[in-house]
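First the structure, in the form of structure tokens, and then the observations on it.
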Amino acid sequence: MADQGLIDGKLFVKKVWQTLSTDLVPVLSGLKILLTAKRDQHRSLADFLEKHALHRPENVALKDHQQQLTWRQFNNKANQVAHFFQAKGLKKGDIVALMMENRVEVLIHVAGLAKLGVVVSMINTSQRGDVLMHSLDVAPVTSIIVGSELVVAIQTIEPSLDESVQSNIFEVADGVAGVLTDSFTYPDLQAAVADQPVMNLPVTRTLQLKDTLYLVFTSGTTGLPKASRMSHHRFFRAMGGIGLASFRLRTSDVLYTPLPLYHNNALTLAFGAVLGSGATLAIGRKFSASRFWQEITAFHATAFVYIGELCRYLMAQPVSDLERQHHVRVILGNGLRPDIWMEFKQRFGIERINEFYGSSEGNMMFSNLFNMDRTAGMYPLLYKVARYDVEKDELVRDAKGFCENVKRGETGLLLMPVSDRVPFDGYTDKKASSGKMLKGLFKSGDRYIDTGDLVMQQGFGHIAFVDRLGDTFRWKGENVATGEVEAALLKHEAIEHAIVYGVAVPHADGKAGMAAISLKEGADNPSTQDLASYMRNALPSYAVPLFIRMQGDQAVTSTFKYQKYKLKEEGWQDVNADEVYLLEGGTDRYRSLTPQLSEQLSAGELRL
Numbered sequence: 001m002a003d004q005g006l007i008d009g010k011l012f013v014k015k016v017w018q019t020l021s022t023d024l025v026p027v028l029s030g031l032k033i034l035l036t037a038k039r040d041q042h043r044s045l046a047d048f049l050e051k052h053a054l055h056r057p058e059n060v061a062l063k064d065h066q067q068q069l070t071w072r073q074f075n076n077k078a079n080q081v082a083h084f085f086q087a088k089g090l091k092k093g094d095i096v097a098l099m100m101e102n103r104v105e106v107l108i109h110v111a112g113l114a115k116l117g118v119v120v121s122m123i124n125t126s127q128r129g130d131v132l133m134h135s136l137d138v139a140p141v142t143s144i145i146v147g148s149e150l151v152v153a154i155q156t157i158e159p160s161l162d163e164s165v166q167s168n169i170f171e172v173a174d175g176v177a178g179v180l181t182d183s184f185t186y187p188d189l190q191a192a193v194a195d196q197p198v199m200n201l202p203v204t205r206t207l208q209l210k211d212t213l214y215l216v217f218t219s220g221t222t223g224l225p226k227a228s229r230m231s232h233h234r235f236f237r238a239m240g241g242i243g244l245a246s247f248r249l250r251t252s253d254v255l256y257t258p259l260p261l262y263h264n265n266a267l268t269l270a271f272g273a274v275l276g277s278g279a280t281l282a283i284g285r286k287f288s289a290s291r292f293w294q295e296i297t298a299f300h301a302t303a304f305v306y307i308g309e310l311c312r313y314l315m316a317q318p319v320s321d322l323e324r325q326h327h328v329r330v331i332l333g334n335g336l337r338p339d340i341w342m343e344f345k346q347r348f349g350i351e352r353i354n355e356f357y358g359s360s361e362g363n364m365m366f367s368n369l370f371n372m373d374r375t376a377g378m379y380p381l382l383y384k385v386a387r388y389d390v391e392k393d394e395l396v397r398d399a400k401g402f403c404e405n406v407k408r409g410e411t412g413l414l415l416m417p418v419s420d421r422v423p424f425d426g427y428t429d430k431k432a433s434s435g436k437m438l439k440g441l442f443k444s445g446d447r448y449i450d451t452g453d454l455v456m457q458q459g460f461g462h463i464a465f466v467d468r469l470g471d472t473f474r475w476k477g478e479n480v481a482t483g484e485v486e487a488a489l490l491k492h493e494a495i496e497h498a499i500v501y502g503v504a505v506p507h508a509d510g511k512a513g514m515a516a517i518s519l520k521e522g523a524d525n526p527s528t529q530d531l532a533s534y535m536r537n538a539l540p541s542y543a544v545p546l547f548i549r550m551q552g553d554q555a556v557t558s559t560f561k562y563q564k565y566k567l568k569e570e571g572w573q574d575v576n577a578d579e580v581y582l583l584e585g586g587t588d589r590y591r592s593l594t595p596q597l598s599e600q601l602s603a604g605e606l607r608l
């Protein structure tokens with residue numbers, strides 16, 4: 001790839017030839033699934049699980065730090081879960097919430113419920129209080145499965161749940177050693193399913209690809225988390241297009257994921273790649289930069305999944321022998337910044353970086369099929385990159401009112417076409433889904449989904465991610481919705497106004513949260529320790545603002561809207577006479593952002 005980010009034609013042709021000459025079979029197999037999967041087909045995730053249980057029963061399917069399961073054992077345990085909940089009266093379309101930290105039991109329950117057509121609502125394990133209650137309400141659940149390690153989070157909101165849900169909360173012990181029965185808060189699900197049959201269920205054959213498989217929560221563009229639908233059809237397309245055709249794992253591969261299984265990178269892409277290929281998925285409990293290569297070695301991993309921030313953290317670690325004494329040949333993820341791409345690849349000896357672009361609620365995914373550098377890859381079907389006026393925050397239209405495509409090397413708004421062949425599953429909230437739909441952009445009657453992302457058209461079907469539009473920003477690998485953070489701040493007894501936005505910070509991926517707040521008249525100024533404690537209790541860790549800007553009156557427009565764009569432009573440095581505070585990593589309070597602290601922040605010397 002050329003320095004300006006364009007795809008070099010000669011190199012592209014060479015890479016295509018190299019790929020097809022060595023990996024033609026998996027490429028064609030994956031593309032066949034991607035292009036031929038029809039929504040009304042009687043197929044499901046269970047097809048691949050049951051196939052592997054039949055043809056490679058003793059191969060290891062899943063493993064974590066405490067146990068490993070063969071494909072036969074995995075399928076048997078999933079069947080026991082399915083039989084248990086079928087006996088409880090659950091049926092296709094019912095929703096069960098699953099809240100559990102990374103371990104093999106997560107996938108046992110996802111697969112088991114999927115065999116019934118029951119929708120699994122994948123709850124973010126860092127959610128608490130009102131946000132957690134919202135996630136359980138936005139897609140009303142009939143039952144909750146919670147890991148012992150997260151029981152307290154459910155106990156806290158249990159009084160707000162419907163009585164029917166309260167009586168259907170099940171607990172899964174944390175660890176194969178188990179927990180004494182009398183120490184369980186809720187019924188022991190592992191004990192309850194232990195005597196269930198292990199045979200496959202006839203009802204699984206009635207499922208169709210269009211049926212919803214699970215819900216993954218996303219911030220979308222604004223507001224509280226939205227539940228995006230992942231159908232079996234979308235799972236198949238991701239498994240075929242990325243897992244098989246692009247990632248191309250072998251049955252002997254071990255794919256390591258330290259990313260949470262409630263996220264699509266781990267659940268859809270990593271699990272999908274393993275399910276499609278018959279490889280092994282190694283599940284890390286949580287990501288640790290200092291222990292990362294130790295875990296890679298311990299699991300004998302040959303591949304891993306990433307997000308851009310993970311790569312940045314690994315680059316910041318001291319050089320060690322372990323980072324080159326591994327067998328990793330390919331990695332899959334998104335957000336690896338172009339400025340560290342080559343250095344990352346060379347330092348850690350990675351042969352192939354399978355960067356992709358996609359979203360939880362989207363209907364298409366780009367993937368670096370041919371191992372080009374500094375690109376999110378290509379998409380085999382049609383898409384549009386439309387010219388966009390960032391200053392006016394609108395699409396550029398011609399005299400007839402239609403949009404125009406950008407040229408190679410230009411940046412525009414990525415638009416996803418919607419058709420019967422490529423549908424939009426969207427959110428559970430129909431209003432939120434319809435808000436993403438745009439019509440009549442290039443001709444009368446056409447339909448597109450607004451991704452909210454600016455990308456560069458690199459040529460030869462490839463794109464590079466540039467920036468996100470709107471109020472949502474990305475930090476620590478998570479999308480942060482400003483409305484959610486503002487709502488939490490406004491519940492503080494001393495805060496009158498709160499405006500939250502993302503600001504760029506040197507030597508950090510994404511944007512850090514900054515909150516401009518003003519206090520109620522006569523209210524006592526909260527201590528910096530109290531403010532930090534309050535936010536950490538009210539919000540997920542990634543959503544806690546790093547910066548607090550104390551203001552008097554908030555400037556508003558003539559229609560009483562906050563002038564957020566001015567605050568964004570001023571960032572954390574150009575704040576006039578306002579006092580700014582910083583929440584440094586590992587501390588329990590906000591510190592005044594002095595000139596000395598600002599210099600350290602600019603130099604990348606502070607932990608965030």
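Taking full-length UniProt numbering, the leading residue of the sequence shown gets 1, the next gets one more, and so forth.
A virtual CB, placed ideally from N, CA and C, is assigned to each residue, including glycine.
Practice task
Go through its chain and collect everything with a Cβ distance to Cys311's Cβ below 6 Å, but skip five positions before and after it.
Solution key: Leu336, Phe344
Practice task
Give a yes or no on whether the C-beta atoms belonging to Tyr461 and Leu244 are separated by under 8 Å.
Solution key: Correcting the residue type first, residue 461 is Gly in the shown sequence and not Tyr. Not closer than 8 Å, so no.
Handout entry: Residues of its chain near Gly284, where Cβ-Cβ distance is below 7 Å and the 5 sequence neighbours each way are ignored
Key = Asn102, Tyr256, Thr257, Pro258, Glu295
Exercise for the section: From the DSSP output, in three-state form, read off Ser602 for me. Expected result: helix
Practice task
Quick one: measure Cβ to Cβ for Thr142 and Val96, integer angstroms, because I've assumed they're closer than 8 Å.
Solution key: 7 Å
Practice task
Look up Ile33 in the DSSP assignment and say whether it is helix, strand or coil.
Solution key: helix
Handout entry: Exposed unless 16 or more other CB atoms sit within 10 angstroms - verdict on Arg234
Key = buried
Problem - Sufficient close CB pairs (3 or more, under 8 Å) joining the stretch 133–147 to the stretch 68–75 - result: no
Practice task
Give, in chain order, every unbroken run of the beta strand (DSSP E) that is at least 3 residues long and sits entirely within the stretch 62–134.
Solution key: 68–70, 95–99, 119–122
Practice task
Indicate, with yes or no, if the ligand ZN has a heavy atom lying under 7 Å from the CB of Phe356.
Solution key: By its list of ligands, the structure shown contains no ligand whatsoever, and the ligand ZN lies outside what it can speak to.
Exercise for the section: State the Cα-Cα distance for the pair Val254 and Ala37, rounded to the nearest angstrom. Expected result: 27 Å
Problem - Neighbourhood of Gln458 by C-beta distance below 8 Å, restricted to the same chain and skipping five residues each side - result: Met1, Gly5, Leu6, Ile7, Thr375, Arg408, Gly409, Ala464
Handout entry: Best match in Arg397, Leu414, Glu50, Leu454 for proximity to Lys443 [C-alpha to C-alpha]
Key = Arg397
Problem - Residue range of the unbroken alpha helix (DSSP H) whose run includes Met315 - result: 308–316
Handout entry: Which listed residue (Ile350, Ser320, His326) has its alpha carbon closest to that of Leu332
Key = Ile350
Practice task
Using alpha carbons as the reference points, say which of Pro140, Asp588, Leu267, Met535 lies closest to Gly129.
Solution key: Met535
Practice task
Starting from Glu579, trace the beta strand (DSSP E) both ways and give me its first and last residue.
Solution key: 579–582
Practice task
Quick one: grab the DSSP three-state call for Phe560.
Solution key: A caution first: Phe560 carries a pLDDT of 38, below 50, which makes its placement in the model too unreliable to give a value.
Problem - the stretch 525–541 / the stretch 473–492 touching (three or more Cβ pairs under 8 Å) - result: yes
Practice task
Can you tell me which of the three DSSP states Asp188 falls into?
Solution key: strand
Practice task
Rank Leu454, His507, Lys51, Ala532 by C-alpha distance to the C-alpha of Trp475 and give the top, closest one.
Solution key: His507
Problem - Residues near Gly510 in its chain [Cβ-Cβ closer than 6 Å; skip 5 each side] - result: Arg474, Trp475
Exercise for the section: For Pro140, collect the residues of the same chain with a Cβ closer than 8 Å to its Cβ; drop the 5 residues on either side in sequence, then sort them by chain order. Expected result: Ile95
Problem - 8 Å Cβ cutoff met for Val151 and Thr185 - result: yes
Practice task
Grab the span of the alpha helix (DSSP H) containing Tyr262 for me, first residue to last.
Solution key: Run containing Tyr262: none; DSSP gives neither H nor E here.
Exercise for the section: Could you spell out the range, first to last residue, of the beta strand (DSSP E) harbouring Asp467? Expected result: 462–468
Problem - Among Leu107, Ile548, Glu163, Arg248, nearest to Asn368 - alpha-carbon criterion - result: Arg248
Practice task
Work out the CA separation of Ala173 and residue 609 for me, nearest whole Å.
Solution key: Shown here, the chain extends from 1 to 608; a query on residue 609 therefore has no answer.
Exercise for the section: Just the C-alpha distance for Ala82 and Thr204, rounded to the nearest angstrom, thanks. Expected result: 10 Å
Handout entry: Residue nearest to Val385 in terms of C-alpha spacing, selected from Gly477, Leu490, Leu414, Ile169
Key = Leu414
Problem - Given Thr251 as reference, the closest of Ile242, Leu281, Arg237 once Cα atoms are compared - result: Leu281
Handout entry: Contiguous beta strand (DSSP E) assignments of at least 3 residues, all confined to the stretch 139–183
Key = 143–147, 169–172
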